[in-house]
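Undergrad:
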Amino acid sequence: MAKKFTIDARLILQLGRDSIKDHSTALVELVKNSFDADASKVEVGIFCKGNNKHIRVADNGFGMTEDEIDENWLRIGFSEKKKSKTSRKGRRKTGEKGIGRIASDRLGAILQMVTKSEADSLQSIIVNWDEFDVAGKTIENIELKELENPSIKIPIRKGEQARETGTELIISTLRSNWTEDNIKDLYQELSYFSPLFSDEFEIEIKNDINPAYSKTVKSAIFETAEIELFLHYDGKSTLIYEFKNKLVPEKNKTETFKLQQFLQQEKFEPLSCGAIDLKLFFFVRKKGLLENTQFSLADLKEFLSENYGVKLYRDNVVVKPYGFANNQFGQDWLGLDVEKSRDPAGLGRESYRVNANNIVGYAYFTRDNNQSLIDSSAREGLVENEAFYSLKDIINASVRLLATYRVEVNKEFKKTKKIIDKQKSTTKYLNSLRTRLTTVVSDINEIKTIINNHKDIKGNPLANTVNIIEKVIDDTEKTFEELLDEKRVLSALATLGISSAVFGHETESAITTFKDNANNARGYLAKEEPNIPIAIEQLNEAINQARLISSWGLFALSRIEKEKRIKRPRKITSIIKKVLEQIQPALDALDIHVEKKLSKVMASTYTMDIESILLNLLTNAFSAVPNSERERKIKIVLDHDNRDDIKGMILSVSDSGPGVAVEYRDKIWEPLFTTKIGKKQRQSGTGLGLTIVRSIVAELEGEISLETDKELKGAKFSVWLPRN
Amino acid sequence: MKNIGLIDDKDISRRAFMLKLNLELEKSFPEWRVVDSKPFKEIKTYHQWILENEISVLIIDERLDEEKLDDGSYVRYFGSDLVKKLRMFLKDFPIYCITNIEITEQLKKALNYFNLTLSRKSFDDDIDNYLNLFIRSGISFYTEFKNELSRLGELSVLIASGKATQDDLKELQSIQTRLVIPHFSEDLSSRETYLIELEKQIGAIKDMQEKLVNYLNR
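Order-wise, the sequence lines are chains A and B. Every number in my numbering is 62 more than the matching position in the first sequence, counting from 1. Every number in my numbering is 147 more than the matching position in the second sequence, counting from 1.
What follows is the structure in structure tokens.
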């Protein structure tokens with residue numbers, strides 16, 4: 063006689079209990095089933111107060127027919143997910159164990175299931191898991207009943223047409239007492255799980271234990287996006303953009319564009335695609351932004367690989383195939399990768415573009431407000447008419463805007479880091495180092511004294527060590543001082559180079575004219591009939607030009623005198639006057655009038671530093687002044703100015719030039735950035751002048767600022783320096 | 148017509164250069180002289196100045212906005228801006244740039260508009276050759292200009308006597324365009340603009356004629 067196994071009913075319970083660690087995991091398993099049933103919404107209710115304690119999981123998925131209940135749901139270990147990895151609507155299924163339904167045993171003893179599918183009438187079933195928990199009872203001996211008067215309440219997703227199919231589970235005779243923390247954990251578990259669902263699946267929790275978590279679950283992974291961009295287009299002429307980023311929160315902003323401004327066209331019609339809401343998220347495949355979250359880099363990569371691209375939603379129903387894999391357009395239906403491959407510029411360049419697989423986005427529109435977006439009758443998708451292309455254009459333009467915003471944010475981010483590095487004064491650092499080393503020496507000296515008092519011969523090596531350290535400190539200090547001195551000289555030489563490039567033109571003109579004058583004098587004297595008046599006129603002029611040339615020579619030679627590199631009390635007023643005298647010929651050559659308001663200020667400082675600051679600021683002013691229609695003026699003001707009980711002075715240089723455009727004001731301090739590339743091109747700027755000024759000011763522990771001069775209307779640079 | 152025009156804003160440098168050029172011209176081209184001037188505030192003044200002073204070659208500096216004009220203002224253009232404007236009505240006129248500054252990007256963009264762009268040092272190093280080149284281009288310009296005037300006279304006689312062929316008429320039209328354009332406003336930057344303007348005026352005359360005929364037939 064053939065033998066066969068019988069299965070103890072308890073084994074089923076054991077299977078569920080072994081596979082599912084706790085009650086919140088059990089609930090998540092049931093939610094996964096709803097997702098796999100292509101629901102757009104699942105409601106999870108946990109009610110533990112009052113007489114009617116129960117848990118409810120209801121979705122608007124495809125439901126089940128009687129046959130499906132018999133052949134699939136009631137077959138333990140059967141999982142449709144093993145047959146097909148994707149749901150009917152193409153979702154990637156979330157579990158493969160086929161134990162979701164047994165999970166309900168973890169939650170409560172009684173399970174009532176009501177389900178409605180398109181192909182069948184309302185179906186129901188009641189399971190009492192406690193009946194399985196009887197020793198020696200086999201599974202064949204347990205009979206499941208239907209509900210007497212079944213009814214179903216199918217969840218409705220806001221903005222979406224109500225669905226007539228779905229499944230509702232009510233679990234009663236609860237096994238656990240849910241605490242506030244349990245509800246919080248459940249919310250978090252669902253929020254980490256829901257990224258897989260993206261925006262097409264909504265989970266709503268309702269409970270009477272922790273009301274703070276009675277809400278729609280928001281996916282936590284979107285919080286790891288580096289940049290978020292939300293657009294609301296009213297369908298007429300206004301586009302409202304909201305930009306958020308994780309790197310420099312100060313750069314978060316909301317901007318309103320007029321369509322005219324956006325399209326850069328005088329004449330325009332509202333976009334034929336109609337009103338649109340767009341959400342774009344930019345993710346970086348790096349660990350940085352995943353810190354303090356439960357996501358691993360692998361999770362993020364998987365999420366992006368499944369969800370990248372921009373999906374379209376009409377009345378909250380996804381419009382395929384846009385943003386889905388395995389279709390004629392691919393996930394990158396916007397052609398972002400093609401655009402990127404044309405110009406693969408990095409983040410440092412203005413033309414930077416994003417890769418398609420870094421973007422997750424959702425565009426929402428409605429049938430009523432977007433009547434020109436029509437379904438294609440020939441195939442999946444929309445008719446490629448003007449409205450469709452305008453929709454595609456506005457999404458593409460928004461992605462480009464996101465890329466530009468990312469460039470802007472990253473520049474700011476880098477700069478913030480740089481400023482912190484830059485503003486360190488070497489002297490300050492040296493002083494702190496000296497203090498720390500002196501403390502070490504003093505400690506060791508104490509030990510040395512103790513050892514000497516004990517006349518311990520073993521102490522000799524320690525004494526030698528102290529001597530070495532003291533010598534190293536002296537050497538280090540000397541090296542630092544030498545380096546600082548070298549830096550000072552290099553700054554002065556660079557300043558001389560920059561000012562030579564600017565003022566040098568005037569000297570070159572003077573040399574040419576001097577040669578002409580001298581040759582003319584000789585030529586007109588050597589004629590058969592010498593022209594004495596012209597010869598004398600030309601000789602006189604030659605002398606004038608020679609004076610100009612020699613003053614420039616003196617200016618150049620006096621820049622790096624050793625005495626200027628020593629810190630001692632200096633008359634700042636005299637230093638400024640002397641520099642102005644030396645460059646006066648160049649200022650005269652361009653008819654530039656210099657207005658001076660110089661108070662008598664003394665400061666213990668380096669002449670070379672003051673000269674370098676002043677010359678660089680004057681060079682900028684000299685270049686800027688001829689570029690405006692206003693009278694050519696430079697104003698120099700020197701005055702006492704104490705800040706935070708520190709005696710100081712303020713030196714400002716203003717000009718009547720066109721000023722520094724607001725968008726350049728942060729950039730002008732960066733090395734090699736120059737604004738002297740305008741139409742006039744008076745000379746090519748090196749982009750080093752203001753970097754030198756900033757570096758010297760930082761070294762002297764001062765401050766520098768830029769504003770518009772109210773009187774002259776051009777740029778006004780103000781340098782504050784301590785006087786000690 | 149044997150004059151070289153020199154435009155520079157710096158009075159002292161310009162005078163020194165003018166005297167130097169005159170000295171050199173006396174040696175090899177004694178009939179030629181240099182006529183110098185500060186830049187003009189209005190570009191259209193150049194045309195008048197060139198015609199009045201019978202200038203056949205023009206030398207301009209790149210930097211023209213450094214020294215004030217007599218009225219205390221500054222010109223708002225460089226040599227490289229000026230040459231582009233001048234070419235609108237002096238298409239074949241010899242224009243040279245001699246500058247003390249380095250050849251900037253802006254100047255490079257205007258190279259095609261100049262007959263030649265030179266640094267002052269290069270010019271001084273080979274002054275005889277360059278002056279020869281300038282004078283030759285000036286001579287060929289005014290010779291052509293003179294030939295065209297004379298040919299214009301011949302064609303006019305042919306037309307007046309009724310002997311002009313279709314080719315003669317075409318040639319006349321072409322010479323007229325070349326010679327006449329400088330007398331129009333500089334707004335007429337090309338022959339096409341000129342013809343469009345002419346069409347408009349003919350249209351206006353036709354309208355008037357039609358109105359008159361209607362009036363007379365009433």
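All C-beta atoms in this analysis are idealised placements derived from N, C-alpha and C, irrespective of residue type, glycine included.
Could you spell out where the beta strand (DSSP E) holding Val699(A) opens and where it closes?
TA: Working through the first sequence from its first residue, we reach residue 699(A) at position 637. Its beta strand (DSSP E) spans residues 695 to 702.
Undergrad: Indicate whether at least one CB of chain B lies closer than 7 Å to the CB of Gly740(A).
TA: Taking the first sequence and counting its residues from 1, one reaches residue 740(A) at position 678. No answer about Gly740(A) holds up, because its pLDDT of 41 lies below 50 and its placement is not dependable.
Undergrad: What does the alpha-carbon distance come out to for the pair Asp156(B) and Asn247(B)?
TA: Sequence index remark: in the second sequence, residue 156(B) carries index 9 (1-based). Sequence index remark: in the second sequence, residue 247(B) carries index 100 (1-based). Answer to the nearest angstrom: the Cα atoms are 13 Å apart.
Undergrad: Determine the contact status of Asp167(A) and Leu75(A), defining contact as a CB-CB distance below 7 Å.
TA: By one-based count along the first sequence, residue 167(A) stands at place 105. By one-based count along the first sequence, residue 75(A) stands at place 13. In contact: Asp167(A) and Leu75(A) (Cβ atoms closer than 7 Å).
Undergrad: Within the same chain, show all residues whose beta-carbon is closer than 8 Å to that of Arg188(B), passing over the 5 residues directly before and after it, in chain order.
TA: In the second sequence, counting from the first residue as 1, residue 188(B) sits at position 41. The question names Arg, but residue 188(B) in the sequence shown is Lys. Here the set comprises Leu216, Asp218, Ser220, Val222.
Undergrad: Chain B beta carbons: is any one of them nearer than 7 Å to that of Lys775(A)?
TA: For the purposes of this step, residue 775(A) is taken as residue 713 along the first sequence, with counting starting at 1. No, Lys775(A) does not count as interfacial toward chain B.
Undergrad: Rounding to the nearest angstrom, what Cα-Cα distance links Asn593(A) and Gly585(A) in this structure?
TA: For this step, residue 593(A) is matched to residue 531 along the first sequence. For this step, residue 585(A) is matched to residue 523 along the first sequence. Approximately 9 Å between the Cα atoms of the pair.
Undergrad: Leaving aside the five residues before and after Ile218(A) along the sequence, list all residues of the same chain whose C-beta is less than 8 Å from its C-beta, in chain order.
TA: Indexing the first sequence from 1 puts residue 218(A) at position 156. Around Ile218(A): Lys103, Asn122, Ala224, Arg225.
Undergrad: Determine whether the Cβ of Glu213(B) lies closer than 7 Å to any Cβ atom of chain A.
TA: What you label residue 213(B) is simply residue 66 of the second sequence in a count that begins at 1. It does; some Cβ of chain A falls within 7 Å.
Undergrad: Could you please give the first and the last residue of the uninterrupted beta strand (DSSP E) stretch that includes Tyr221(B)?
TA: What you label residue 221(B) is simply residue 74 of the second sequence in a count that begins at 1. Per DSSP, Tyr221(B) belongs to no beta strand (DSSP E) and is neither H nor E.
Undergrad: Are the CB atoms of Gly170(A) and Ser96(A) within a distance shorter than 7 Å?
TA: Position 34 of the first sequence, counting from 1, holds the residue named residue 96(A). Position 108 of the first sequence, counting from 1, holds the residue named residue 170(A). No, they are not a contact pair.
Undergrad: Given a limit of 8 Å on CB to CB distance, which residues of the segment 176 to 199 of chain B reach chain A?
TA: Answer in chain order: no residues at all.
Undergrad: State yes or no: is the beta carbon of Gly585(A) nearer than 7 Å to at least one beta carbon in chain B?
TA: In the first sequence, the residue the question calls residue 585(A) occupies position 523. For Gly585(A), the answer is yes, since a Cβ of chain B falls inside 7 Å of its Cβ.
Undergrad: Ignore the nearest five residues each way along the sequence and tell me which others in Ala231(A)'s own chain have a CB closer than 6 Å to its CB.
TA: On the first sequence, residue 231(A) is found 169 positions in, with the first residue counted as 1. One point to set straight first is that residue 231(A) is Leu, not Ala, in the sequence displayed. Val119, Met175, listed in sequence order.
Undergrad: Can you tell me whether Gly764(A) is buried or exposed? The criterion is at least 16 other CB atoms within 10 Å of its CB, across all chains shown.
TA: Here the question's residue 764(A) lines up with position 702 in the first sequence. That one is buried.
Undergrad: Would you say Ser160(B) lies against chain A (beta-carbon separation less than 7 Å)?
TA: As a first step, residue 160(B) is located in the second sequence; it is residue number 13 there, counting from the start. Yes, its Cβ sits closer than 7 Å to a Cβ of chain A.
Undergrad: Is the segment 224 to 237 of chain B touching the segment 190 to 198 of chain B in the sense that three or more CB pairs, one from each, lie closer than 8 Å?
TA: Output reads yes: the segment 224 to 237 of chain B touches the segment 190 to 198 of chain B.
Undergrad: What three-state label does DSSP hand Ile267(A) in the structure shown?
TA: Sequence index remark: in the first sequence, residue 267(A) carries index 205 (1-based). Looking at Ile267(A) - three-state DSSP - the assignment turns out to be strand.
Undergrad: Since Leu750(A) and Ala556(A) are thought to touch, with beta carbons under 8 Å apart, how far apart are those beta carbons, to the nearest angstrom?
TA: Within the first sequence, residue 750(A) is the residue found at index 688, counting from 1. Within the first sequence, residue 556(A) is the residue found at index 494, counting from 1. Sure, about 6 Å apart at Cβ, within 8 Å.
Undergrad: Just list the residues that DSSP pairs Ala665(A) with in beta bridges.
TA: On the first sequence, position 603 is the one that residue 665(A) refers to. Ala665(A) pairs with Arg632(A).
Undergrad: Using a C-beta to C-beta distance shorter than 8 Å, which residues of chain B count as neighbours of Ser571(A)?
TA: On the first sequence, position 509 is the one that residue 571(A) refers to. Within chain B, the residues near Ser571(A) are Lys157, Ser160, Asn247.
Undergrad: So that I know if they touch, is there some Cβ in chain A lying closer than 7 Å to that of Leu168(B)?
TA: Taking the first residue of the second sequence as 1, we reach residue 168(B) at position 21. Not closer than 7 Å to any Cβ of chain A, the Cβ of Leu168(B) fails to qualify, so no.
Undergrad: Could you check what DSSP says for Tyr295(A) in three-state terms: helix, strand or coil?
TA: Translated into positions along the first sequence, residue 295(A) becomes position 233. Of the three classes helix, strand and coil, the one that applies to Tyr295(A) here is strand, per DSSP.
Undergrad: Three-state secondary structure (DSSP) at Ile188(A)?
TA: Here residue 188(A) corresponds to residue number 126 of the first sequence, with the count starting at 1. Strand, per DSSP.
Undergrad: Between which two residues does the beta strand (DSSP E) holding Glu173(B) run?
TA: As a position in the second sequence, residue 173(B) is number 26, starting the count at 1. Taken as a continuous stretch (DSSP letters only), Glu173(B) belongs to no beta strand (DSSP E), being part of the alpha helix (DSSP H) at 158 to 175.
Undergrad: Which one of Arg404(A), Lys66(A), Leu291(A) has the shortest CA to CA distance from Ala459(A)?
TA: Taking the first sequence and counting its residues from 1, one reaches residue 459(A) at position 397. Of the listed residues, the one whose Cα sits closest to Ala459(A) is Leu291(A).
Undergrad: Restricting to Cα atoms, I'd like to know which of Leu301(A), Arg411(A), Ala449(A) is closest to Ala465(A).
TA: On the first sequence, residue 465(A) is found 403 positions in, with the first residue counted as 1. For Ala465(A), the nearest C-alpha among the options comes from Arg411(A).
Undergrad: Between which two residues does the alpha helix (DSSP H) harbouring Ala604(A) extend?
TA: Taking the first sequence and counting its residues from 1, the one referred to as residue 604(A) is at position 542. Unbroken alpha helix (DSSP H) run through Ala604(A): 594 to 619.
Undergrad: Identify each residue in the segment 642 to 661 of chain A for which the Cβ-Cβ distance to at least one residue of chain B is less than 9 Å, and report them in chain order.
TA: Residues passing the 9 Å Cβ filter: Ala651, Leu652, Asp653.
Undergrad: Using only the alpha-carbon positions, how far apart do Glu357(B) and Gln323(B) sit?
TA: Here residue 357(B) refers to the residue found at position 210 when the second sequence is read from its first residue. Here residue 323(B) refers to the residue found at position 176 when the second sequence is read from its first residue. Spanning the two alpha carbons is a distance of roughly 29 Å.
Undergrad: Per DSSP, Ala425(A) forms a beta bridge with which residues?
TA: Position 363 of the first sequence, counting from 1, holds the residue named residue 425(A). Answer is Leu340(A), Leu374(A).
Undergrad: For my contact list, Ala425(A) and Phe263(A) are in at a C-beta cut-off of 8 Å; report their separation, rounded to the angstrom.
TA: Along the first sequence, read from residue 1 onward, the residue named residue 425(A) stands at position 363. Along the first sequence, read from residue 1 onward, the residue named residue 263(A) stands at position 201. Going by Cβ atoms, the distance from Ala425(A) to Phe263(A) rounds to 17 Å, so no, they are not a contact pair.
Undergrad: Applying a beta-carbon distance threshold of less than 8 Å, which residues of chain A neighbour Ala163(B)?
TA: Here residue 163(B) refers to the residue found at position 16 of the second sequence. Near Ala163(B) (Cβ distances below 8 Å), the residues of chain A are Thr575, Asp578, Asn579, Asn582, Gln600, Glu603.
Undergrad: Tell me where the alpha helix (DSSP H) around Gly776(A) begins and ends.
TA: As a position in the first sequence, residue 776(A) is number 714, starting the count at 1. Segment: none, Gly776(A) is in no alpha helix (DSSP H) and carries neither H nor E.
Undergrad: Under the three-state reduction of DSSP, which class applies to Ala723(A): helix, strand or coil?
TA: On the first sequence, position 661 is the one that residue 723(A) refers to. Here Ala723(A) sits in coil by DSSP.
Undergrad: When burial is assigned at 16 or more other CB atoms within 10 Å of the CB, is Lys480(A) buried or exposed?
TA: For the purposes of this step, residue 480(A) is taken as residue 418 along the first sequence, with counting starting at 1. Only weak support exists for where Lys480(A) lies, its pLDDT of 47 falling under 50; the coordinates are left without a value.
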